[in-house]
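Enquirer: Here the sequence shown stands for residues -26 to -1, 1 to 178, where the numbers follow mature numbering (1 follows the signal peptide of the UniProt record, and there is no 0).
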Amino acid sequence: MRRRLLGAAGVAAAVMMLGMATMAGAADDYQKFGVRVRAIYVKPDESFDGKLSGAHAKVSDDIIPELDLEYFVLKQVSTELIAGVTRNDIKINGQFQGSTWLLPPTLTVKYHPLAGNLISPYIGFGLNVTLPFNSRLNGDKSFSIDNSVGWAAQAGADIKIKDNLYFNIDYKYINADTKVKIAGNKYDLDLNPHLFGIGVGYRF
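(1) Just to confirm, is the Cβ distance from residue 98 to residue 85 under 8 Å?
(2) Hey, which unbroken runs of the alpha helix (DSSP H) at 4 residues or more fall wholly within the region 63 to 124?
(3) From the DSSP output, in three-state form, read off residue 15 for me.
(4) Pick helix, strand or coil for residue 23, following the three-state DSSP scheme.
(5) Beta carbon of residue 146, beta carbon of residue 169: below 8 Å?
(6) Is residue 107 buried or exposed, if buried means 16 or more other CB atoms sit within 10 Å of its CB?
(7) Roughly how many whole angstroms lie between the Cα atoms of residue 22 and residue 154?
(8) Please work out which residues of its chain come closer than 6 Å, Cβ to Cβ, to residue 128, disregarding the five sequence neighbours upstream and downstream, and give them in chain order.
(9) State the start and end residues of the unbroken beta strand (DSSP E) segment that holds residue 157.
(10) Under a Cβ-count criterion, where at least 16 other Cβ atoms within 10 Å of its own Cβ denotes burial, should residue 172 be classed as buried or exposed?
(11) Hey, out of 160, 174, 35, whose CA is closest to residue 136's CA?
(12) Please name the residue in 57, 126, 76 whose C-alpha comes closest to that of residue 179.
(13) Rounded to the nearest angstrom, what separates residue 167 and residue 56 at their Cα positions?
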C-alpha cells in the first residue's frame, strides 16, 4: 500500500511540475535535445519471499555503462529515456548459485527549477519496465524471473562545463517487484535497485 501511495504521489508531482514550468519556460530559447553517457553503480535492495526460510539470498551489485536520451518539452521540463543492461550474481548463504541479466528501460519526467544556470538540479518521476533474461540457478532448468512494471524516482544535477557540454550526477530508485520460479514453485522477489551515476552530456 505504501508503494502505491508513493506511486500516486509521484504521478501527481509530475503533473504539478509540468504545470509549474509551462509559463516559465514557454517563451525562452533553449536546446531541446540531449544525449548523455553515464557510469552506473547498481545496488539492488532485494527482498526474497519469506517462504524461502533458512536461505539467505543476495543479488549482487554491478557497475555498468548507460546511455540516455533527453528531450526538453519546456526549458524547465524534460523527458529522459535510459537504457542499460546489468548482470547480477545470485548468492545463497554466501555461495554463488547463478546469475541473471536485467534490461530495465526507464522513462522519467524531470523538473529543472534552475534551468540555464551553471548548476542545474532536477527531480523526476516515471515508469520502469524490468526485463530479466538468461537467468540461471545451479542447474535448475525451471528457474526464471518474471518481468515487472513499476515506478522510478530520480534526482540529480547538471553542471555546465562549456557551451552545451555538461557534467552530470544522478540517482534513481526503481520499484521492481517481480516473482522468481525455483524448483517449479513461484516466490515473490523485490529487486528495487538504487542507481548511482556520473557522466557527461551534450545538448543541441
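Beta carbons are placed, not taken as given, at the ideal position from N, Cα and C, and that holds for glycine.
Expert: Working from what's here:
(1) Along the sequence shown, read from residue 1 onward, the residue named residue 98 stands at position 124. Along the sequence shown, read from residue 1 onward, the residue named residue 85 stands at position 111. In this structure, residue 85 lies closer than 8 Å to residue 98 by Cβ.
(2) none
(3) Numbered from 1 along the sequence shown, position 41 holds the residue referred to as residue 15. The answer is strand: DSSP assigns residue 15 an E or B state.
(4) Within the sequence shown, numbered from 1, the residue matching residue 23 stands at position 49. Three-state result, residue 23: coil.
(5) Taking the first residue of the sequence shown as position 1, residue 146 is located at position 172. Taking the first residue of the sequence shown as position 1, residue 169 is located at position 195. The answer is yes: Cβ separation under 8 Å.
(6) Within the sequence shown, numbered from 1, the residue matching residue 107 stands at position 133. With fewer than 16 other Cβ atoms within 10 Å, it is exposed.
(7) Looking up residue 22 in the sequence shown gives position 48. Looking up residue 154 in the sequence shown gives position 180. Using only the alpha carbons, I get a separation of about 9 Å.
(8) To locate residue 128, count along the sequence shown from 1; it is residue 154. The answer, listed in chain order, is 82, 98, 146.
(9) Within the sequence shown, the letter at position 183 stands for residue 157. Where residue 157 is concerned, there is no enclosing beta strand (DSSP E), given that its DSSP letter is neither H nor E.
(10) For this step, residue 172 is matched to residue 198 along the sequence shown. Exposed.
(11) Taking the sequence shown and counting its residues from 1, the one referred to as residue 136 is at position 162. Ranking 160, 174, 35 by Cα distance to residue 136 puts 174 first.
(12) Residue 179 lies beyond the range of the chain shown here (-26 to 178); nothing can be said about it.
(13) To locate residue 167, count along the sequence shown from 1; it is residue 193. To locate residue 56, count along the sequence shown from 1; it is residue 82. So the two alpha carbons sit approximately 15 Å from each other.
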